[in-house]
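Enquirer: Take a look at the following structure, please.
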Amino acid sequence: MRTKPVWISFVIGFLIPAIGLSYCFEEAGKKYGVSPVVLQAISKVESNYQIDAKNINRNKSEDRGHMQINSTHKKYLGEGWEYLTYDPCYCTQVGAWILRQCMDRYGNTWDAIACYNCGKAPYELPLKTRMKAYEYIKKVQDQIYR
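All letters in the sequence shown, in the order written, are residues 1164 to 1309 by the numbering used here.
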């Protein structure tokens, strides 16, 4: 049954976020063919593993959950949008799905990591945004290689 692993990871996730989410990172990584280590690094950078994280951006879009899923994906998620802040494994699955789309577009590269955050590879962005994309890549790299 789906609720047991989710409930267990949810409870443990509040006590020790990275450990509680490990199951989620592993399962999402397997399903979408992405590295669980990269997913964990993204979660750390995006929200410090905060399951119920919510942020409003300057452009009025909203990011939700520990993977900080942007509201531009709301149309694809339907009711699932509401689950992002209380079902950490679902949030991880959505994050892995987004990263997989970026990897399909840019390959297994740092450009795909930037795409997760910015929607495009750095070379496709205006200079100001491009620098933010490179900063994001560096933060994820720092988490992976720490």
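Just so you know, even glycine gets a beta-carbon here, dropped at the ideal spot from N, CA and C. Just so you know, these numbers come straight off a predicted model, no measurement behind them.
(1) Can you find the residues in the same chain that come closer than 6 angstroms, C-beta to C-beta, to Gln1231, ignoring five residues on each side of it along the sequence?
(2) For Lys1217 versus Glu1225, is the C-beta distance shorter than 8 angstroms?
(3) Within 10 angstroms of the Cβ of Met1294, are there 16 or more other Cβ atoms? Answer buried if so, exposed if not.
(4) Which first and last residues belong to the alpha helix (DSSP H) in which Lys1217 is found?
(5) Since Arg1227 sits in a beta bridge, which residues does DSSP pair it with?
(6) For the stretch 1238-1292, list the alpha helix (DSSP H) runs that are entirely contained and at least 4 residues long, ordered along the chain.
(7) Cα separation between Thr1248 and Leu1288?
(8) Quick check on Val1200: buried or exposed, where buried means 16 or more other Cβ atoms within 10 Å of its Cβ?
(9) From Cys1187, Tyr1297, Gln1256 and Lys1194, pick the residue whose C-alpha is nearest to that of Ala1323; which is it?
(10) Distance check for Lys1291 and Arg1165, CA to CA, integer angstroms please.
(11) My understanding is that Arg1268 touches Val1197, with C-beta atoms under 8 angstroms, so please give their C-beta distance in whole angstroms.
Expert: Taking the geometry as given:
(1) Correct list, in chain order: Glu1209 and Ser1210.
(2) yes
(3) Exposed is the call here.
(4) First-last for Lys1217: Lys1217 to Ile1219, but that is the beta strand (DSSP E), not the alpha helix (DSSP H).
(5) Lys1217 and Ile1232
(6) 1243-1246, 1251-1269 and 1273-1281
(7) 29 angstroms
(8) exposed
(9) Because the chain is modelled from 1164 through 1309, residue 1323 falls outside the range shown and cannot be assessed.
(10) With a pLDDT of only 48 at Arg1165, under the threshold of 50, the placement of this residue in the model should not be trusted, and no figure is reported.
(11) About 13 angstroms separates the two Cβ atoms, so there is no contact after all.
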